[in-house]
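Since the structure comes first, as structure tokens, the remarks are kept for the end.
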Amino acid sequence: MSADKSRIRRWAESGRLQPEQVPVALAVAAVEPSPQQWRRFLERFFLFNGGALVLAGILFFFAANWDALGRFARFGLIESALVLSLAAAWRWFDRPAGKAALMAAGVLTGVWLAYFGQTYQTGADPWQLFAVWALLILPWAWLGRSSSLWLLWVLLVNIAVPLFFSDRGIVAGLFGPHDLPLWLIFAFNTLAQTVWETAARRVDWLPGRSGPRLLALGAGLAVSLQTLEAVLNPDTRSWFVLGLYLLWTAVTVVLYRGRLADLFMLAGVVFSALVISTSALGKFVFQGDGLFAFFLMSVWLIVCSGAAVRWLKAVYRELPHE
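Numbers in the working numbering are just positions in the sequence shown, counted from 1, shifted up by 61.
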């Protein structure tokens, strides 16, 4: 609820505004969506959900009729859907329908690559599938000016990196004998987040905050896991990792506390700091009495969580509300 809407409600409850004046006050303050805004939201909501359901229907169709379809029939169906998606994207290039069609083409490219590799047994590693997939849709993302397609490209890179370092899956690649994958993911997502935040001020097709928040989530998760490892299993590089984490935390708080004003980013930093600090405290206090350690950690969590909530609420009251 915005600050203006809360203020109007308080005025109505105190009698400063009559009941029949409340709708007029809400309209003047522009705190509720207009009919045009509702229409635009519903159009995009149903468009992208419909596109997602069509893609899901194609995947389920293949799963249900896999044995009944021949090799060329399978290729033909996938390629037909891909060509139709590209044709729709070309026809409605600058409209939401074109963006949704281009996103569908990007997903179907991966479906085609997976089926091609399974049919002809190319011997390619799993990371190569995602790397080639990302490479093929990169021109579409560049020319299509679609934020959702850029996020798909970023996701593919985030999957390909750990798979490159391990043939046993993404988790094994992230938590393997070396920590390079996590550092690469942190660097890549941080760079992508910086580029996104900078470009969003110059272009109009990067609306909303979902993209930067997802990128920050990926970067924050990577650096937090590295810091957690450094805290629980310290070595000669632990101080460097801790210093980098503190630098990332400080930059994020300064940037999203004042200039960009994003409470989600601040809440993510607070959660990360709580997890790491509690883990560090647990490693220190569990050297002795276990009951006392649990008690001390519980007190620490209660106090820090309460302080964090109070700080986030204070920040929220200072932020501009639309």
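For each residue, glycine too, the CB sits at the ideal point set by N, CA and C.
Here the structure is a predicted model, which means the values were calculated and not measured.
Cβ shell of residue i (< 7 Å), same chain only, five flanking positions each side left out
i, result
"A280", "F247, N250, T251 and Q254"
"V119", "It should be pointed out that residue 119 corresponds to Ile in this sequence rather than to Val. The residues are A142."
"L147", "A166"
Nearest neighbour of residue i, chosen from the options [CA to CA]
i, options, result
"G205", "W151, Q182 and F106", "W151"
"A369", "F107, L335 and T339", "L335"
"G272", "S207, F102, L108 and T170", "S207"
"L377", "F347, A149, V360 and G319", "This sequence places Tyr at residue 377; Leu is not what is there. When only C-alpha atoms are compared, the closest one is G319."
"L321", "A354, D155 and W257", "W257"
"L217", "L316, W201, W188 and W203", "W188"
"L278", "D296, V215, A195 and A260", "V215"
"W194", "A175, L352 and T180", "A175"
Own chain residues within Cβ distance below 8 Å of residue i, not counting five before or after
i, result
"G234", "The pLDDT assigned to G234 is 49, lower than 50, so where the model puts this residue is not dependable, and the model offers no usable value."
"L373", "L324, L327, A328 and V331"
"D240", "Q287 and E290"
Other residues of its chain near residue i: CB distance less than 6 Å, five sequence neighbours each side excluded
i, result
"G173", "The sequence shown places Trp at residue 173, rather than the Gly named in the question. Taken in chain order, the residues that qualify are I139."
"D296", "none"
"S299", "A291"
"R105", "P157"
"D186", "none"
"W153", "G159"
Distance CB(residue i)-CB(residue j) smaller than 7 Å
i, j, result
"G159", "I198", "no"
"S285", "S333", "yes"
"S340", "L289", "yes"
"A149", "A162", "yes"
"A165", "L213", "no"
"I220", "F191", "yes"
"L9", "V346", "The structure shown does not extend to residue 9, since the chain is modelled only from 62 to 383, so the question has no answer here."
"P157", "L108", "yes"
"L471", "K344", "Not covered by the structure: residue 471. The range shown for the chain is 62 to 383."
Separation of residue j from residue i, as counted between CA atoms
i, j, result
"G112", "L169", "12 Å"
"Q182", "L245", "30 Å"
"N126", "P268", "40 Å"
"A311", "L145", "48 Å"
"L210", "G131", "31 Å"
"A260", "W266", "10 Å"
"P200", "D155", "16 Å"
"V364", "G171", "48 Å"
"Y306", "E379", "26 Å"
"L385", "L342", "What the structure shows of the chain is the stretch from 62 to 383, and residue 385 is not part of that stretch, so it cannot be assessed."
"A202", "F355", "50 Å"
"V314", "L282", "16 Å"
"S359", "R270", "34 Å"
"L316", "R262", "15 Å"
"F136", "R100", "38 Å"
"F133", "F102", "40 Å"
"V264", "A375", "32 Å"
"L352", "R371", "29 Å"
"V302", "P96", "51 Å"
"N110", "T180", "31 Å"
"L196", "F122", "27 Å"
**Prompt:** Which whole runs of the alpha helix (DSSP H) in the region 112-193 are 4 residues long or more, in chain order?
**Reply:** Look at the region 112-193 and you find these whole runs of alpha helix (DSSP H), each 4 residues long or longer: 132-152 and 157-181.
**Request:** Quick one: which unbroken alpha helix (DSSP H) runs of 4-plus residues sit fully inside the region 258-299? Chain order, please.
**Result:** As far as the region 258-299 is concerned, its whole alpha helix (DSSP H) runs of at least 4 residues are 271-293.
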